[in-house]
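Residue numbers (our numbering), protein chains in the order written: chain B, 174 to 567; chain D, 174 to 567; chain V, 5 to 325; chain H, 9 to 509.
Take a look at the structure below.
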Amino acid sequence: MKKILGITTLLIVVVAATAALSPNFLTAYNVQNIIRWSALFGILSVGVAFVIVTGGIDLSIGSVVGLVGCTLAMLLNPIDERPPGWAWKSVFQIQGCIAIVAAVIWGLARFYGRSRGSGRRLLWLGLAGAALFAAGRYAPGFDLPAWLHLPFVVLWVLALSLQIGLLHGLLITKIGLQPFVVTLCGLLFYRGLTRWVAADQTQGFGSGFTGLRKLATGKLPLTDDFALPVPAIALAVLAILSGVLLNKTIFGRYMLALGRNETATRYSGIDTDRYVILAYAICSLLAGIGGILFALDINSIQPSGHGNFYELYAIAAAVLGGCSLRGGEGSILGVVIGAAVMRVLYNAINVLGIPTQLEFAIIGLVILGGVIADELVKRLAAKRRAARQARDPA
Amino acid sequence: MKKILGITTLLIVVVAATAALSPNFLTAYNVQNIIRWSALFGILSVGVAFVIVTGGIDLSIGSVVGLVGCTLAMLLNPIDERPPGWAWKSVFQIQGCIAIVAAVIWGLARFYGRSRGSGRRLLWLGLAGAALFAAGRYAPGFDLPAWLHLPFVVLWVLALSLQIGLLHGLLITKIGLQPFVVTLCGLLFYRGLTRWVAADQTQGFGSGFTGLRKLATGKLPLTDDFALPVPAIALAVLAILSGVLLNKTIFGRYMLALGRNETATRYSGIDTDRYVILAYAICSLLAGIGGILFALDINSIQPSGHGNFYELYAIAAAVLGGCSLRGGEGSILGVVIGAAVMRVLYNAINVLGIPTQLEFAIIGLVILGGVIADELVKRLAAKRRAARQARDPA
Amino acid sequence: GKSDASADGKKTFGYVTNGIASFWVIAKAGALAAGEELDVDVEVRMPGPPEDAEQKRTIEELLAMNVDGIAISPVKPDNQLDVINEAAARTHLITHDSDAPGSDRLVYIGMDNYLAGRMCGELVKEALPDGGEIMIFVGRLGQDNADLRRQGLIDELLDRSMDSTRHDKPGEELKGDKYTILDTRTDNFDSAAAKSQAEDALAKYPDIDGMVGLFAYNPPAILEALAAAGKKGEVQVIAFDEDTVTLQAIEDGSCHGTVVQNPYRYGYESVKMLAAIAEGDKSVIPASGFLDIPARKITKDSVVDFRTELESLIAGTAEVK
Amino acid sequence: MSRAPLLEVRGVSKRFPGVLALDRVSLSLGHGEILAVIGENGAGKSTLMKVLAGVQHQDKGDVLVDGEPAAIDSVNAAYDRGIVLIHQELNLCGNLDVASNVYLGREPRRHGLIDHKTMRTQAQACIAKVGLDVKVSTLVERLPIGRQQLVEIAKALSVDARVLIMDEPTSSLSTRETETLFAVIEDLCASGVSIVYISHRLAEVKRLAHRVVVLRDGHNAGELARDEIEHDAMVRLMVGRDVSQFYARKPHEPGAVALEAEDIVVPGGAPEPISLRVHAREIVGIAGLVGAGRSELIETLFGVTPAVRGHLRVGGTDVRISSPKDAIAAGLALVPEDRKQSGLVLEMAVRENVSLPSLEREARRAFIDKRAEREVAGRMIADLGIKTRDDRQVVKDLSGGNQQKVVLAKWLALAPRVLLLDEPTRGIDIGAKHEIYALMERLAADGVAVLFISSEMEEILGISDRVLVMHEGRIAGELGRGELDEEAVMQLATGGQPART
Ligand SMILES: Nc1ncnc2c1ncn2[C@@H]1O[C@H](COP(=O)(O)OP(=O)(O)OP(=O)(O)O)[C@@H](O)[C@H]1O
Ligand SMILES: Nc1ncnc2c1ncn2[C@@H]1O[C@H](COP(=O)(O)OP(=O)(O)OP(=O)(O)O)[C@@H](O)[C@H]1O
Ligand SMILES: [Mg+2]
Ligand SMILES: [Mg+2]
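Pasting the structure below:
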């Protein structure tokens with residue numbers, strides 16, 4: 174709990190100060206908005222927290238948000254006419270490619286003695302990929318019944334983001350590349366992909382899919398004048414699951430351990446690669462979920478811009494929340510609060526009528542101040558402890 | 174030299190392929206442009222290479238490029254009327270603030286026993302800062318003679334970027350913050366600062382300062398149909414200096430050493446903090462030089478956009494060029510070639526008429542391919558070495 | 005001697021936008037359509053941020069390809085004169101969508117952003133006949149289309165004289181005798197930021213009267229925010245460009261009106277003009293050096309026709325693609 | 009003597025969160041004297057030396073050089089006074105070559121630039137002195153840990169020091185390297201250099217030291233003049249009770265074959281296949297010179313660097329071991345050579361380190377059973393007498409010996425069938441050593457097969473039922489209990505044929 178003390182204080186201070194300065198800050202309407210945005214960005218931050226705990230980093234989050242949002246909108250609400258079953262077919266082809274790529278990476282890894290996956294499994298993966306691709310390429314197109322189409326699409330984009338994460342994990346563990354590099358390439362690649370599949374046309378859900386969009390824009394009325402935005406619930410659930418995973422299960426423990434010392438963890442008979450991959454998978458999956466919600470909320474997805482820089486906000490929030498980029502440290506609750514702090518700041522700047530130009534400057538300063546304070550407090554605490562022990566050695 | 178073999182091959186392959194596919198690629202005009210852009214980005218990459226060698230990272234480069242470019246243009250060619258001597262005065266005030274901030278950081282560091290700088294020096298720094306600020310605030314404004322104004326301004330923006338680097342170094346070594354965090358805050362802060370000082374108005378040199386702008390746009394005719402862009406010369410000089418610094422002097426040696434094992438280096442009686450700070454100073458200074466050249470070349474500096482993402486290009490180039498983000502490895506020549514590869518790719522994509530949407534996707538793929546190949550080659554070499562050792566153990 | 009731009013010996017023209025947006029996808033359709041019609045190749049380039057730097061690179065690359073002409077929509081003409089003039093010296097160069105006064109461009113095809121801004125102001129006046137407080141939302145300031153539209157809007161609302169060189173700093177409140185411009189909010193082309201900016205504005209000024217979105221994606225973002233706040237219809241929305249959401253909103257009355265340009269014709273006319281000039285026929289160039297493709301005000305009564313017109317173009321896009 | 013002692017420590021105290029590492033410690037060092045500082049793990053030896061070398065700063069007390077109070081507040085300050093420390097843990101930059109490491113911080117320069125040529129030649133001389141036979145252009149990370157230790161020593165020798173402090177320099181060296189080192193030490197002090205020598209190998213101390221200072225729990229526990237230096241005397245001062253010099257073990261009947269390696273080829277090792285078998289209830293030692301390939305062999309058995317070829321059988325059944333996970337599943341356990349790197353997660357608590365391998369076993373459906381975890385950790389701490397505040401203490405803050413006990417605790421919690429140990433008593437005090445021997449003993453008695461690497465002759469001779477001697481990656485020979493003696497081992501280790509058999 175001590176870990177999140179600092180960030181919580183920061184949050185309270187900012188909120189109190191803004192509330193004191195502006196009557197419009199603590200209105201139900203404004204608070205609901207802040208909560209919604211915090212939830213949306215919080216989901217991304219929780220995801221990246223896992224990667225950071227393992228001592229890695231993920232710069233591709235923003236691009237994944239863009240890719241997922243765009244493909245979701247395109248598959249559900251294509252702008253121009255498409256042949257029947259094009260959705261199916263393209264999905265199959267993409268899936269095929271991914272499977273083949275994964276198989277290749279694995280093969281390389283095995284060849285260079287980095288991996289232990291049995292050769293047969295690998296072959297199957299490759300073949301399955303090829304088959305899938307062929308099916309997508311040459312099978313006659315037929316359309317899904319509408320009621321199936323929606324869940325299928327949603328599940329698929331989630332699967333896609335999951336696979337992206339797995340791919341990152343594979344490249345990092347099996348080929349031994351540096352997370353920063355792999356995900357930097359991801360940042361560029363997925364952005365390009367998005368622009369290409371969407372042909373640079375802004376995507377959206379028009380005025381339809383109101384039901385689905387409630388996931389992002391809906392509210393649960395709590396009192397007669399305050400309603401809880403649905404994304405907040407999504408975040409709550411995800412955060413609790415993540416918290417349990419990180420602190421109560423062996424998976425989390427292994428991630429924390431290998432984040433500190435990968436060798437020692439492997440020597441303890443733990444297949445560290447597996448847990449690194451898991452971390453990246455979780456991160457991208459949450460980026461995917463976030464991406465869906467962002468898309469549904471904004472309803473206007475520009476292939477070239479949607480999600481730009483989000484990874485940096487996510488990482489900043491995670492760091493504010495007490496994750497150490499050196500790995501092995503992190504608290505989900507802290508990360509969530511960190512995300513909230515950032516959104517409150519954005520909102521406060523506007524509600525207080527501070528020139529938008531200063532937005533970035535202020536955010537930057539506050540983050541810096543936060544981490545500095547945190548560091549100094551830590552030091553002070555250490556000093557105190559030493560002093561106390563000096564007085565009564567026991 | 175083995176380190177840069179891979180990247181050089183990559184460069185040659187890309188050039189050859191493009192030349193084969195398009196007659197317009199190897200025209201003097203196009204080659205000159207590629208060289209100019211490579212030089213501009215190369216300067217940034219060389220800078221970040223130093224930071225990477227020490228095991229750090231600098232995400233603020235793009236924002237520094239923006240800040241430097243904007244202030245340069247504003248001081249030389251203010252859009253709206255300013256009172257006499259405003260340039261002086263504002264410069265003084267900013268300098269004052271910086272000095273004071275530095276003094277404070279130092280003070281904190283000393284208080285928490287992280288630094289050994291003498292207390293008096295610190296006091297002087299603070300007082301000097303205060304004096305400078307006061308001077309700027311209250312001194313009567315007077316204008317410099319034109320012939321002095323230009324060099325003064327140029328030197329000052331360079332000094333500014335240098336100080337930014339020093340500040341990063343201080344925060345990282347004396348307060349013990351993580352480079353990623355510090356420079357991420359920098360990325361946000363300097364961007365906001367730029368937008369604020371320029372009030373979001375795009376800055377430029379209009380049609381004046383042709384002499385100065387020759388620094389970026391000028392060419393030295395070599396043959397009667399090929400001329401070498403001036404920035405290339407700048408890069409050459411900087412790269413050679415950097416190469417010597419990194420490989421032939423103790424400064425570089427210590428950076429390499431501490432990049433791999435900071436403790437061991439400190440135990441060897443080396444004041445590692447100093448060299449870390451030096452690395453960040455060099456990085457930001459080169460970012461500043463690059464920023465000036467970019468501004469002069471493009472002659473249109475959008476406060477909110479100018480330089481966005483440049484840090485990522487710079488880092489990517491450095492990594493392509495054989496720098497390991499784990500620290501302790503790097504070759505300046507490789508980095509320069511890495512930057513060239515990226516620019517050639519951009520150019521090739523367009524000259525070949527490949528849809529621009531794919532630009533990012535292709536860049537991403539090539540970088541990834543490059544590092545994968547590099548990694549696998551390394552492994553193969555290691556395998557060979559082991560085998561040889563086995564044959565004749567001695 | 006501009007011969008081998010494309011292998012098949014066809015003439016090739018570069019069409020350079022000032023960014024990446026759906027708006028430009030329509031223009032692209034127009035350009036490609038003209039290309040089909042006149043049997044010439046068209047290289048459409050949409051530079052990403054930072055647009056001014058990217059435009060310079062793009063032009064260089066097109067010149068390297070020996071294109072027979074370039075049409076560009078300069079981001080910040082005053083600062084890009086040398087690039088533009090260099091291009092004009094090496095090939096036929098025209099501007100579209102936003103002009104480069106004082107450059108060597110042969111002709112400007114498009115409308116006047118400042119006038120468009122004033123049109124937008126007129127729409128505001130229609131929507132709020134007895135005045136009120138409004139807020140401006142735009143992707144980014146510092147590029148001509150944004151600055152001029154904003155200035156036009158402000159000048160119209162404050163009943164100032166025609167002067168596109170004026171500049172009111174963002175961030176300070178502008179009071180006229182009827183209308184007050186509370187602030188201008190930017191979002192760096194991030195639709196999420198655009199939406200939250202709108203929400204924050206509603207939070208800060210609960211009784212704001214009008215919200216104006218100057219870039220295509222701003223009005224939809226504003227409408228989203230209003231819908232969520234349950235203020236649809238209460239607050240007047242005045243839009244720019246022809247996003248489908250915007251048009252829908254105009255039809256069902258939650259948006260008063262929008263100022264539309266004609267990107268399709270920008271593309272079409274640009275290529276047509278370039279083709280003619282490249283064939284040596286300078287007669288197509290109007291004496292004024294300005295081929296006006298005026299902006300139009302679209303309101304509830306004109307929206308349906310416009311929509312149908314647009315859809316035919318979009319269809320065009322599809323078949324060209 | 010009338011001259012003031014070269015170096016004098018007066019009432020130095022140093023506190024770390026949780027422990028009083030040094031409590032008013034005093035000692036003095038004469039010119040050309042070899043002073044041995046001994047004490048149990050955690051006695052404060054390294055801390056004291058770090059203070060002298062300016063790496064850490066005392067809270068109280070003074071250090072005097074030539075009778076003058078000296079404020080040694082940085083490594084350079086120490087260098088200036090001619091005080092050089094060879095750290096207990098390796099401190100080298102793997103990405104630099106041997107020469108650069110030797111001269112790190114003191115590079116010879118010619119007009120501003122590093123003079124590589126002189127540096128190389130001088131470095132070559134330095135490493136020759138300590139008997140390291142590598143090119144100075146070799147990257148240090150390519151050297152096995154033993155060699156790296158030699159580089160570390162060469163580095164210290166390259167400074168012309170007045171006081172040379174060696175903190176367990178031989179902990180990863182074997183007899184031959186140790187002898188070379190002793191030769192160096194002796195002619196150093198002949199030329200007037202003073203040596204402070206720290207070791208847990210009391211035989212070495214007896215052989216070298218002119219005087220012995222004993223620390224216990226951070227304070228002076230006594231001092232022995234040259235003629236009083238006797239094993240028992242030292243032990244009594246260190247531990248406070250008697251511990252017999254040679255570990256008396258009772259041989260017991262080997263059981264069935266527990267571990268059998270057939271024609272395995274070690275990657276990067278010698279091309280010839282290696283075969284060996286270890287029986288239940290048997291303790292087999294592996295002897296050899298540094299770089300003989302012992303660690304590599306044992307790591308191959310444990311699946312860290314999977315064998316290129318060959319079969320492994322555990323308890324008679326074939327097993328495919330291609331990762332530590334497999335090895336552990338098959339009932340193997342490894343106490344690695346480098347505990348900082350491979351043994352422990354230094355920043356984690358004792359409890360979490362101990363439970364790491366057994367977590368999965370104890371877990372209920374992937375959920376950690378914290379109670380069981382605490383219980384196991386508590387038991388192990390008690391069993392092995394680990395000196396720690398509590399089971400939530402961070403392992404990093406434990407002394408070397410206690411860290412090693414934590415590593416052992418990890419594995420004992422798993423009750424393995426075959427226990428592999430690589431230099432299990434490296435840097436461990438006599439008391440702890442005997443506890444560990446007793447432990448190996450106990451395990452063997454319980455039917456565990458024990459295979460251990462050691463570079464310490466007494467250990468090899470003392471507790472092995474059987475000894476395998478390695479030379480240049482091959483098993484040069486095997487010695488049964490009967491034929492075990494020092495020169496037989498050395499014969500094989502250096503490539504000669506055993507005298508008898
Ligand atoms: N950096 C540190 N932080 C906290 N405690 C420490 C630190 N370094 C050492 N200690 C504690 O100080 C005491 C003395 O440690 P030291 O390393 O000096 O013992 P030692 O005599 O060298 O033991 P060994 O023979 O195992 O090396 C130990 O209890 C150890 O836990
Ligand atoms: N002179 C040398 N230079 C470089 N590498 C060497 C040299 N001698 C041996 N090696 C490498 O070291 C390996 C053996 O190192 P290893 O640490 O396993 O030996 P060891 O017997 O365990 O020594 P230690 O007692 O240090 O553990 C050899 O297989 C070889 O690859
Ligand atoms: Mg010690
Ligand atoms: Mg070994």
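C-beta atoms are modelled at their ideal positions from N, C-alpha and C, and glycine is treated no differently.
By the CB criterion at 9 Å, B:L232 and B:E484 fall inside the cutoff. Our two residues, V:V87 and V:S77, have alpha carbons roughly 13 Å apart in a direct line. The stretch 400 to 417 of chain H and the stretch 184 to 200 of chain H do not touch, with fewer than three beta-carbon pairs separated by less than 8 Å. Contact annotation: B:R433 and B:G228 have beta-carbon atoms nearer than 9 Å. Here the alpha carbon of D:D470 sits roughly 13 Å from the alpha carbon of D:G239. In summary, the residues of the stretch 320 to 346 of chain H whose CB is separated from some CB of chain B by less than 8 Å are S330, S331, P332, K333, A335, I336, A337, L342, P344, in the order they occur in the chain. Distance from the Cα of V:Q252 is smallest, within the candidate group B:G381, B:I345, B:L525, B:L388, for B:G381. At least one beta carbon of chain D lies nearer than 9 Å to the beta carbon of V:Q147. Take the alpha-carbon of D:N203 and the one of B:P318: they are about 54 Å apart. Closest in C-alpha terms to D:Q336, from the list D:V417, D:W320, D:I455, D:L350, comes D:I455.
Around V:F294, no beta-carbon contact reaches into chain B at under 7 Å, the shortest distance being about 29 Å. In the displayed model, V:L218 falls within coil according to three-state DSSP, outside both helix and strand. For H:I436, the three-state secondary structure derived from DSSP is coil. Ranked by how close their Cα comes to the Cα of D:T529, the residues B:D444, B:L361, B:R557, B:L459 have B:L361 in first place. By a beta-carbon distance limit of 8 Å, B:L493 contacts B:I180. Their separation comes to about 6 Å.
Between V:T169 and the set V:T312, V:L119, V:K199, V:K32, the nearest pair of CA atoms involves V:L119. H:I206 has its Cβ nearer than 8 Å to a heavy atom of ligand 3. In its chain, beyond the 5 residues on either side, A272 have a beta carbon closer than 7 Å to the beta carbon of D:A301. H:F375 is bridged by DSSP to B:T422, H:R372. Distance between H:V20 and B:L553, taken at the CA atoms: about 24 Å. The Cβ-Cβ distance between V:D103 and V:D82 does not fall below 9 Å. For V:G257, no alpha helix (DSSP H) segment is defined, and its DSSP state is neither H nor E. Here the distance from the Cβ of H:P25 to the nearest heavy atom of ligand 1 is below 8 Å.
According to the DSSP assignment, D:I510 belongs to the alpha helix (DSSP H) that extends over 505 to 524.
Minimum Cα-Cα distance from B:I413 among the listed residues B:I505, B:N250, B:S263 corresponds to B:I505. DSSP places B:S263 within a helical segment (H, G or I) once states are collapsed to three. Between H:S202 and H:R170, the beta carbon gap of about 7 Å places them in contact (Cβ cut-off 8 Å).
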